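This note's numbering applies: residue -10 is where the sequence shown begins, and numbers increase by one. These notes are about the structure you will find just below.
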Amino acid sequence: MTSNADAAIAALRSGYDHLAPIVAGLGEDGLAGSSGAAEWDVSQVLSHLGSGAEIHLATLEAALAGEPNKGIEFNRGVWARWDAMSRTERAAAYVTANEKMLRRYEELDPATRKELRVDLGFLPAPVDVATSAGLRLSEFTFHSWDVRVGTDPAATLHPEAVPLLLGFTGGMFAWLAKPAALEGREAKLRVDLTEPHRVLGLHLADPVLLGDVPEQPDGVLHIPAEAWLRLVVGRLSPEYTPAGVETEGAADLDLLRRVFKGF
-10 MTSNADAAIA ALRSGYDHLA PIVAGLGEDG LAGSSGAAEW DVSQVLSHLG
40 SGAEIHLATL EAALAGEPNK GIEFNRGVWA RWDAMSRTER AAAYVTANEK
90 MLRRYEELDP ATRKELRVDL GFLPAPVDVA TSAGLRLSEF TFHSWDVRVG
140 TDPAATLHPE AVPLLLGFTG GMFAWLAKPA ALEGREAKLR VDLTEPHRVL
190 GLHLADPVLL GDVPEQPDGV LHIPAEAWLR LVVGRLSPEY TPAGVETEGA
240 ADLDLLRRVF KGF
């Protein structure tokens, strides 16, 4: 049986294998071009992904060795080194760093994948490999889209990651949602997802929450699952919204974009 850790690691691999040749084909102009992340060019997104892979690998190695997390000063040193790279250096270093991290995850035997606990440094307690790899998958999937959408406005999230990331969205709302944008309004929405099919209940209030699907919703949002994920992280501006997104009643897409403005 495939575990959540196995699935997350496999999705990381397939997503990376899709992105790596795209990165290899980017020249200086492509690396300097706009990305899907506000205020970052494509090379800066790759710098974020590459430095993150390096830090993530060091964190995993520390857990395997029974050592504490490397800490914020280690992270700052990694970030400073990547910030100092040229655009082409960032692209090349990203490919190397992400491959090294992935191979280390893939080398973990089934017992380690089940039993290891990883201190990520920013959570109150160590987490299992499924959570550690899942958090990396979330970061990778959205920033991979940031890179690809620079040259392909119709880019979507990597499909293998989408069903895994749906389980993370509710826990992200506390720091992603901006209830002030509601200006005191409240609404209970039904969210109908496709590919894969899911039905969610979204309560627009302070705080914004996922919950039970309302029997009599104030509005309905019909949306592909990958577009829903991009919506909640602020990556569903009009030019990147697929044709399959439809709304009824109080499901105001412009309002939802303001509530979910992104990181």
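Glycine residues also receive a C-beta, built at the ideal position from the N, C-alpha and C atoms. Remember, predicted model here, so these are calculated numbers, not experimental data.
Counted within 10 angstroms of its Cβ, other Cβ atoms place residue i as buried (16 or more) or exposed
i, result
"M(-10)", "Confidence in M(-10) is poor, its pLDDT being 42 and thus under 50, which makes the residue's placement too unreliable to answer from."
"V248", "buried"
"L112", "exposed"
"A114", "exposed"
"E50", "exposed"
"S226", "exposed"
"N87", "buried"
"A0", "buried"
"G238", "exposed"
"A26", "buried"
"S75", "exposed"
"T263", "Residue 263 falls outside the range modelled here, since the chain spans only -10 to 252, and no answer is possible."
"T48", "buried"
"V188", "exposed"
"V34", "buried"
"R65", "exposed"
"A52", "buried"
"P258", "The requested residue 258 does not occur in the structure, where the chain is confined to residues -10 to 252."
Option nearest residue i by Cα separation, candidates the options
i, options, result
"A216", "P168, A194 and W134", "W134"
"L20", "D98, K89 and V138", "V138"
"H186", "A194, H211 and A169", "H211"
"A(-3)", "E78, I61 and G123", "G123"
"D181", "T130, A240 and A194", "A240"
"S32", "L46, T120, E43 and G16", "G16"
"V172", "K89, E95, L245 and D207", "First, the amino acid is wrong: residue 172 is Glu here, not Val. Per the Cα distances, L245."
"S24", "T77, V136 and D108", "V136"
"G208", "T236, K89 and P231", "T236"
"W29", "L146, D72, K89 and E78", "D72"
"E184", "P206, A42 and P213", "P213"
"L97", "A119, L146 and K250", "A119"
"G273", "G251, V234 and P231", "There is simply no residue 273 to check, as the chain begins at -10 and stops at 252 in what is shown."
"D108", "H192, I61, P152 and R2", "I61"
"Y94", "L126, E78 and R65", "L126"
"A194", "D(-5), A170, E204 and Q205", "A170"
"G22", "V67, V221, T140 and G233", "T140"
"G39", "M90, A54 and I11", "M90"
Beta-bridge partners of residue i, as assigned by DSSP
i, result
"S23", "D30"
"T236", "L210"
Any chain D beta carbon closer than 7 angstroms to residue i
i, result
"G251", "Given the protein chain composition of this structure (a single chain), no chain D is represented."
Determine, using beta-carbon pairs with one atom in the segment 101 to 111 and one in the segment 76 to 90, whether at least three such pairs fall under 8 angstroms. no
In chain order, which alpha helix (DSSP H) runs of at least 4 residues are fully inside the segment 83 to 166? 99 to 104, 118 to 137, 151 to 154 and 158 to 165
Length at least 4, wholly inside the segment 153 to 230: the alpha helix (DSSP H) runs in chain order: 158 to 165 and 214 to 221
Counting Cβ pairs closer than 8 angstroms, one from the segment 197 to 217 and one from the segment 164 to 183, do we hit at least three? yes
With three or more C-beta pairs closer than 8 angstroms as the rule, is the segment 0 to 19 touching the segment 164 to 172? no
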